[in-house]
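A.B. asks:
Residue numbers (the working numbering): 7 to 517.
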């Protein structure tokens, strides 16, 4: 015989603190030597460092603008001011929401600058601030057990042997059963989907052609294939690759738009409220209570409608399908191809067998009649656009440094002598991207910037005499510069500080 002693509920408590100093908020791995400053608004505290003043002003203004629209959508307001930490000392593009802390971290460089190829052009700061703040409001709406003070409940049962000894009270422990009950049960697709949905009236996030391509590819594949629709269960967590994770974002955004269009925008708030109920143990139950149909059935309706729509829209295209020869079949991302002047050699950036976009490398492929031709690795850890010198002897690209505590990660330009197989660093700490050779091969135009701005630069091919050509100061973004054949002008795309589409410009280098 043995006796069981059942312990009561253990509350894993998180008692929210009041105002925290900026330096205390950023001591989790960020450089401690940075002197942080704060902009205090009615609902937010924006913490920033020297060099990010302009972006901090934008963040303070945008966060104040979106507070009312987002909180009214979910009928929930955070119970303290939200701290936003703005980072612009390294080249990364991301945002993180800490919904138990009422804290957001934002990286100022845009997704475009970091060469994230799964999405189109968006107004980065406005988009990412709204996205992360929506995370905080929506997930807190869905919390159980009294909000962010109690993130989880754990039930435990201990068992003891039935032993009677003077020095043993209950006998030796022989059973321990723990059953955690999470206070947050929001699947990945819903968290990211509604954060991208935001409030459509704001216009900071849109369904673009890149997203449409990803969804269309899956819709036209049969269920169960590697690139078919994600299953209802697979939607709940991120994939094991960049493409897998982005597919959860992508499907979540499309599904959230479907829910709003089919059941009304209020359905997103209603589902979130149902998730906060103790008896709503999963999304099927929460959606059944909010919409009158289990989540898996609603998702089946969505995928069936999407597939029928894409089949109809592509049917006329496929009647006149034109296909070419596939040169690179390996890797979910093969980008920035450039031909050698001889026309038989291709240089490009590929993930090949790697799982993430950040693991892409530079390859050379000699094109022949043989379909078995395999790419040759030229240089690892390259993920930027490529430029080949007019004589075909030198490649230029941007590569990001390995971060350390003393030196954050930044992009710089490098050249690679294909004959000598030697790499030379051309810039140092300049945060450079998108190189392009002049027609005579003596200069390289490129992009660089900070504080949420990019500008056009030029440098000698040997890395000497860098010169800034444009002087944008209000959050403008510059893309993909190219020389005219006579070398007299540079053509580039640019996005204004409040725009959502790129325009083309030509810069006369003589005037």
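Even glycine gets a Cβ: it sits at the ideal position worked out from N, Cα and C.
When DSSP builds the beta bridges, which residues end up paired with residue 356?
C.D. replies: By one-based count along the chain shown, residue 356 stands at place 350. Its beta-bridge partners are 340 and 367.
A.B. asks: Just to confirm, is the Cβ distance from residue 223 to residue 233 under 7 Å?
C.D. replies: Here residue 223 is taken as the residue at index 217 of the chain shown, counted from 1. Here residue 233 is taken as the residue at index 227 of the chain shown, counted from 1. In this structure, residue 233 lies closer than 7 Å to residue 223 by Cβ.
A.B. asks: Looking at the structure shown, is residue 509 part of a helix, part of a strand, or coil, going by DSSP?
C.D. replies: Against the chain shown, residue 509 aligns to sequence position 503. Residue 509 falls in the strand class under three-state DSSP.
A.B. asks: Here's the rule I'm using: 16 or more other beta-carbon atoms within 10 Å means buried, otherwise exposed. How should residue 219 be labelled?
C.D. replies: Taking the first residue of the chain shown as position 1, residue 219 is located at position 213. By the 10 Å Cβ count, residue 219 comes out exposed.
A.B. asks: Does the beta-carbon distance from residue 103 to residue 59 come in below 7 Å?
C.D. replies: In the chain shown, the residue the question calls residue 103 occupies position 97. In the chain shown, the residue the question calls residue 59 occupies position 53. For residue 103 and residue 59, no; Cβs fall outside 7 Å.
A.B. asks: How many whole angstroms separate the CB atoms of residue 154 and residue 106, which I take to be in contact at a CB cut-off of 8 Å?
C.D. replies: If you number the chain shown from 1, residue 154 lands on position 148. If you number the chain shown from 1, residue 106 lands on position 100. The Cβ separation is near 5 Å, so the contact holds.
A.B. asks: Is any non-hydrogen atom of the ligand GTP found closer than 6 Å to the C-beta of residue 84, if you look at the structure I gave you?
C.D. replies: As far as ligands go, the structure on display features none, and thus does not contain the ligand GTP.
A.B. asks: Write down the C-beta distance between residue 336 and residue 358 rounded to the nearest angstrom, noting that I regard them as a contact closer than 8 Å.
C.D. replies: Counted from its first residue, the chain shown places residue 336 at position 330. Counted from its first residue, the chain shown places residue 358 at position 352. The pair is a contact, with the Cβ atoms about 5 Å apart (cut-off 8 Å).
A.B. asks: Quick one: grab the DSSP three-state call for residue 195.
C.D. replies: Translated into positions along the chain shown, residue 195 becomes position 189. Looking at residue 195 - three-state DSSP - the assignment turns out to be helix.
A.B. asks: Could you tell me the distance, in whole angstroms, from the CA atom of residue 497 to the CA atom of residue 511?
C.D. replies: By one-based count along the chain shown, residue 497 stands at place 491. By one-based count along the chain shown, residue 511 stands at place 505. So the two alpha carbons sit approximately 6 Å from each other.
A.B. asks: Measure from the C-beta of residue 111 to each C-beta in chain D and report whether the shortest distance is under 7 Å.
C.D. replies: Given the protein chain composition of this structure (a single chain), no chain D is represented.
A.B. asks: Could you tell me how far apart the beta carbons of residue 406 and residue 415 are, in whole angstroms, since I believe they sit closer than 8 Å?
C.D. replies: Locating residue 406 in the chain shown gives position 400, where the first residue counts as 1. Locating residue 415 in the chain shown gives position 409, where the first residue counts as 1. Indeed, because the Cβ distance is near 5 Å, the residues count as touching under 8 Å.
A.B. asks: Does the beta-carbon distance from residue 530 to residue 116 come in below 7 Å?
C.D. replies: Residue 530 lies beyond the residue range present for the chain, which begins at 7 and ends at 517; the question has no answer from this structure.
A.B. asks: Considering only residues of the same chain and omitting the five flanking positions on each side of residue 466, which have a CB-CB separation below 7 Å?
C.D. replies: Position 460 of the chain shown, counted from the start, is the residue given in the question as residue 466. Around residue 466: 448 and 449.
A.B. asks: What residue range does the alpha helix (DSSP H) around residue 276 cover?
C.D. replies: For the purposes of this step, residue 276 is taken as the residue at position 270 of the chain shown. Its alpha helix (DSSP H) spans residues 272–281.
A.B. asks: Mind checking residue 275: buried by the 16 CB within 10 Å criterion, or exposed?
C.D. replies: Residue numbering aside, residue 275 sits at position 269 when the chain shown is read from its first letter. When all chains shown are included, residue 275 counts as buried.
A.B. asks: Counting along the chain, where does the beta strand (DSSP E) carrying residue 470 start and finish?
C.D. replies: Counted from its first residue, the chain shown places residue 470 at position 464. No beta strand (DSSP E) contains residue 470, which DSSP labels as neither H nor E.
A.B. asks: Rounded to a whole number of angstroms, what is the C-alpha to C-alpha distance between residue 458 and residue 325?
C.D. replies: The residue you call residue 458 lines up with position 452 of the chain shown. The residue you call residue 325 lines up with position 319 of the chain shown. Answer to the nearest angstrom: the Cα atoms are 45 Å apart.
A.B. asks: Nearest-angstrom Cα distance between residue 384 and residue 370?
C.D. replies: Against the chain shown, residue 384 aligns to sequence position 378. Against the chain shown, residue 370 aligns to sequence position 364. Answer to the nearest angstrom: the Cα atoms are 7 Å apart.
A.B. asks: Quick one: what does DSSP say residue 190 is sitting in, helix, strand or coil?
C.D. replies: The count along the chain shown starts at 1 and reaches residue 190 at position 184. Of the three classes helix, strand and coil, the one that applies to residue 190 here is coil, per DSSP.
A.B. asks: Figure out for me which residue from 121, 264, 334 and 489 has the closest Cα to the Cα of residue 354.
C.D. replies: As a working note, residue 354 is residue 348 in the chain shown. With distances taken between Cα atoms, residue 354 lies closest to 334.
A.B. asks: Are residue 421 and residue 402 touching if we call contact CB-CB under 7 Å?
C.D. replies: Position 415 of the chain shown, counted from the start, is the residue given in the question as residue 421. Position 396 of the chain shown, counted from the start, is the residue given in the question as residue 402. Cβ atoms of residue 421 and residue 402: closer than 7 Å.
A.B. asks: Residue 499 lies in the beta strand (DSSP E); which residues open and close that run?
C.D. replies: Translated into positions along the chain shown, residue 499 becomes position 493. Segment 495–501, the beta strand (DSSP E) holding residue 499.
A.B. asks: Nearest to residue 160 by CA position, among 151, 168, 166 and 167, is which residue?
C.D. replies: Position 154 of the chain shown, counting from 1, holds the residue named residue 160. Residue 151 is the option with its Cα nearest to residue 160.
A.B. asks: Pick from 120, 191, 135 and 162: whose alpha carbon is nearest that of residue 145?
C.D. replies: By one-based count along the chain shown, residue 145 stands at place 139. Among 120, 191, 135 and 162, the Cα nearest to that of residue 145 belongs to 191.
A.B. asks: Evaluate the contact criterion for the segment 244–251 versus the segment 288–304: three or more CB pairs, one atom per stretch, below 8 Å.
C.D. replies: The segment 244–251 is not in contact with the segment 288–304.
A.B. asks: In three-state DSSP terms, what is residue 130?
C.D. replies: Taking the chain shown and counting its residues from 1, one reaches residue 130 at position 124. Note: residue 130 maps to helix in three-state DSSP.
A.B. asks: Select from 363, 379 and 108 the residue whose C-alpha is nearest the C-alpha of residue 386.
C.D. replies: Translated into positions along the chain shown, residue 386 becomes position 380. Among 363, 379 and 108, the Cα nearest to that of residue 386 is on 363.
A.B. asks: So the alpha helix (DSSP H) residue 75 belongs to, where does it begin and stop?
C.D. replies: Taking the chain shown and counting its residues from 1, one reaches residue 75 at position 69. 59–80 is the span of the alpha helix (DSSP H), which, as asked, contains residue 75.
A.B. asks: Output the distance between the C-alpha atoms of residue 257 and residue 278, rounded to the nearest integer angstrom.
C.D. replies: Counting from 1 along the chain shown, the entry for residue 257 is found at position 251. Counting from 1 along the chain shown, the entry for residue 278 is found at position 272. Each residue's alpha carbon lies about 18 Å from the other.
A.B. asks: Report the start-end ranges of each beta strand (DSSP E) in the segment 402–438 that is 3 residues or longer and not cut off at the edges.
C.D. replies: Segments of the beta strand (DSSP E) lying fully in the segment 402–438: 417–423 and 428–431.
A.B. asks: Taking just the CA atoms, how far does residue 101 sit from residue 366?
C.D. replies: If you number the chain shown from 1, residue 366 lands on position 360. If you number the chain shown from 1, residue 101 lands on position 95. When rounded, the distance between both Cα atoms is 22 Å.
A.B. asks: With DSSP as the reference, label residue 203 as helix, strand or coil.
C.D. replies: Counting from 1 along the chain shown, the entry for residue 203 is found at position 197. Three-state result, residue 203: helix.
A.B. asks: Around the Cβ of residue 69, are there at least 16 other Cβ atoms within 10 angstroms (buried) or fewer (exposed)?
C.D. replies: Taking the first residue of the chain shown as 1, we reach residue 69 at position 63. Classification for residue 69: buried.
A.B. asks: Mind checking who residue 393 pairs with in its DSSP beta bridge?
C.D. replies: For this step, residue 393 is matched to residue 387 along the chain shown. According to DSSP, which records beta bridges pairwise, residue 393 is partnered with 402.
A.B. asks: Return the chain-ordered list of same chain residues with a C-beta closer than 7 Å to the C-beta of residue 79, the five sequence neighbours on each side being excluded.
C.D. replies: Here residue 79 is taken as the residue at index 73 of the chain shown, counted from 1. Closer than 7 Å at Cβ, skipping near neighbours: 205 and 275.
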